Amino acid sequence: MSTITIGSVNCRGLSETVKRIDIFTKYKDLYDITILVDTHSTSEKEKQWLHEWGYVGKFSSYSSKSRGVAILFKNTFEFKIHEETIDLMGNFIILDITIQDYRITLAAIYGPNNDDPVFFENIKHKISHYGNSSIVVAGDWNVVQDYDMDTLHYRNENNPQSKAKIHEVMHELDLLDIWRQQHPFDNRYSWRGPNHKQSRLDYFMITSDIEAFVVSSDIGISYRSDHSPVLINLKFSSQIRGKGTWKFNNSLLRETEFIEKVKGDIKTVIEEYESDPSMDIETEDKQFNISYQLLWDMIKMKVRGSAISFSSFQKKEGNKKEKELLYKISLLDEKLLENNLPSVYQEREGIELELKILREKNVKGIITRAKARWQVEGEREVTIFVIWKKNITQKKLFPNLFWRTRLR
């Protein structure tokens with residue numbers, strides 16, 4: 001069975017290019033559907049941002065200084081968007097969508113900071129318009145569900161009227177807070193503010209009919225934001241993915257170790273296929289027992305193997321380091337629940353900075369390649385390429401495999 005991961009995070013603005021590419025890259029690796037709120041997107045920049053994402057996406061934009069919501073998709077699963085409702089004020093997106101033969105209403109919201117029950121009443125009506133029995137709503141609600149369980153170091157309960165309205169909407173639409181349902185006694189938070197205040201403002205609401213499909217739900221580790229991501233894993237139907245297409249990573253040409261390895265590979269292939277290895281002559285004068293074309297193919301095959309191996313090792317080491325840093329941050333987050341010492345906050349900020357530097361090394365390479373492709377191919381060609389890539393990716397998915405008369 002194939003699992004669909006949906007993640008939601010308040011990213012606190014993505015106007016700055018390096019941060020935006022970093023956030024896109026990070027959450028594209030983690031989620032099949034990424035919901036971003038407080039994006040600070042504008043309608044003029046949506047096409048560029050969608051190009052940077054590289055897949056299908058929907059934006060609700062407002063200004064480069066505030067608000068903004070996005071729902072971004074990967075091509076790791078089959079989906080079809082039937083209808084959409086996009087808020088012009090940058091506060092919500094509602095989609096009528098089919099995911100692997102399951103038709104649902106998927107909504108991303110950025111709740112108002114003030115006590116505004118009308119906002120949530122409006123959301124209810126727009127969701128009800130599609131008439132789907134299965135609903136998933138996620139985002140930064142700016143309202144907690146339970147003051148005692150979902151806040152830390154608060155003096156007063158915020159937005160009580162909005163909270164009451166949300167509970168009313170939950171009853172009418174048959175919604176439940178899936179993380180609290182699966183973690184009834186846990187005290188964990190998705191936002192950290194001044195004076196060591198913490199609260200669970202970000203969460204998923206789903207209808208009870210798809211509760212059985214939710215394999216797990218979690219609150220992740222915050223990165224470049226004062227909000228932590230929240231996520232759910234849904235298991236709908238089975239798919240088998242095919243292999244992707246290998247492409248040479250030009251950045252390897254800046255790696256001295258890799259260049260020396262390639263030189264060694266070329267020398268090895270030449271020595272293997274030269275007619276008379278005992279003769280000490282210049283390479284260009286050597287004779288070979290295979291054609292020059294085949295020799296060239298053998299060299300490329302050898303270099304390709306080294307490139308894959310070298311890149312795999314680099315990625316493995318980078319992932320290992322990133323996991324170590326994320327683990328350290330998670331331990332410090334646990335300490336912050338017990339003791340709000342400034343030194344712990346400072347240590348956490350230092351480790352997050354180290355993580356940021358580690359990730360930005362890769363992000364800058366992505367930006368360079370994206371700019372080069374845009375300049376060479378132009379907007380229209382890149383758009384066509386993305387559509388072609390989407391179709392090719394979908395063809396790698398096998399819903400079922402038949403062997404003789406039995407289904408595998």
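So that you can map any letter, position 374 of the sequence shown is 374 in the UniProt record's numbering, and since no number is skipped, the others follow by simple counting. Just so you know, even glycine gets a beta-carbon here, dropped at the ideal spot from N, CA and C. As the structure is a computational prediction, the values presented were derived from the model and not from experiment.
> Is DSSP giving D209 helix, strand or coil here?
Replying inline: helix
> In chain order, what residues of the same chain have a beta carbon less than 6 Å from the beta carbon of S306, not counting five sequence neighbours either side?
Replying inline: K261 and D265
> Taking just the CA atoms, how far does E255 sit from P160?
Replying inline: 58 Å
>> If contacts are defined as beta-carbon pairs under 8 Å, then V143 and G193 qualify, I think. What distance do you get, rounded to the angstrom?
In response: A Cβ-Cβ distance of about 15 Å is found for the pair V143 and G193, leaving them out of contact under the 8 Å criterion.
> Is the beta carbon of D202 less than 7 Å from the beta carbon of D140?
Replying inline: yes
>> Within a Cβ cutoff of 8 Å, which residues of the same chain sit near L332, ignoring the five residues on either side of it in sequence?
In response: V344, E347, R348 and I351
>> Excluding the 5 residues flanking N340 on each side, which residues of the same chain have their C-beta closer than 8 Å to its C-beta?
In response: Excluding sequence positions up to five before and after N340, its CB lies within less than 8 Å of the CB of H153 and H196, all in the same chain and listed in chain order.
> In three-state terms, what does DSSP make of D226?
Replying inline: DSSP places D226 in the coil class of the three-state scheme, outside both helix and strand.
>> I believe residue 456 touches E121 by the beta-carbon criterion, under 8 Å. Please report the beta-carbon distance rounded to the nearest angstrom.
In response: Outside the modelled stretch of the chain, which goes from 1 to 408, sits residue 456, for which no answer is possible.
>> Considering Cα atoms alone, identify which of S128, S199, S133 and H82 is closest to D150.
In response: Considering only alpha carbons, the answer is S199.
> What distance in whole Å lies between the Cβ atoms of V69 and K124, which are believed to be in contact at a cut-off of 8 Å?
Replying inline: Rounded, the Cβ-Cβ distance is 17 Å, inconsistent with contact.
> If I104 sits next to S134, beta carbons under 8 Å apart, how far is it from one beta carbon to the other, in whole angstroms?
Replying inline: 4 Å
> Apart from the five residues on each side of it in sequence, which residues of its chain come closer than 6 Å, Cβ to Cβ, to G13?
Replying inline: H40
>> For L72, list the residues DSSP reports as bridge partners.
In response: T34 and G57
> Do F204 and K235 have their CB atoms nearer than 7 Å?
Replying inline: Contact flag unset, no.
>> For E381, which residues in the same chain have their Cβ closer than 8 Å to its Cβ, ignoring the five residues on either side in sequence?
In response: The pLDDT assigned to E381 is 45, lower than 50, so where the model puts this residue is not dependable, and the model offers no usable value.
> By a C-beta neighbour count over all protein chains shown, 10 Å radius and 16 as the cutoff for buried, is N91 buried or exposed?
Replying inline: buried
> DSSP state of L152, grouped into three classes?
Replying inline: strand
>> I need the boundaries of the alpha helix (DSSP H) containing L201, first residue and last residue.
In response: In the DSSP assignment, L201 falls outside any alpha helix (DSSP H) and carries neither an H nor an E.
>> Quick check on the DSSP output: the beta strand (DSSP E) that includes S8 runs from which residue to which?
In response: Looking at the DSSP string, the run of the beta strand (DSSP E) that includes S8 is T3 to N10.
> Any idea if D22 is buried or exposed, counting beta-carbon neighbours within 10 angstroms, 16 or more meaning buried?
Replying inline: buried
>> Here's the rule: buried if 16 or more other CB atoms are within 10 angstroms of the residue's CB, otherwise exposed. What is Y292?
In response: exposed
> Quick one: what's got a C-beta closer than 8 Å to Y273's C-beta in the same chain, skipping five residues either side?
Replying inline: F288, N289, I290, L295 and M298
> Three-state secondary structure (DSSP) at T85?
Replying inline: The answer is strand: DSSP assigns T85 an E or B state.
>> I'd like the span of the alpha helix (DSSP H) that includes V216, first residue to last.
In response: Per the sequence shown, residue 216 should be read as Ser rather than Val. S216 -> not in any alpha helix (DSSP H); beta strand (DSSP E) instead, spanning V214 to I219.
>> What does the Cβ neighbour count give for H227, buried or exposed, with the cut at 16 atoms within 10 Å?
In response: buried
> Taking the C-alpha atoms as reference points, what is the distance between V18 and E271?
Replying inline: 46 Å
> Grouping DSSP H, G and I as helix and E and B as strand, with all else coil, what is V169?
Replying inline: helix
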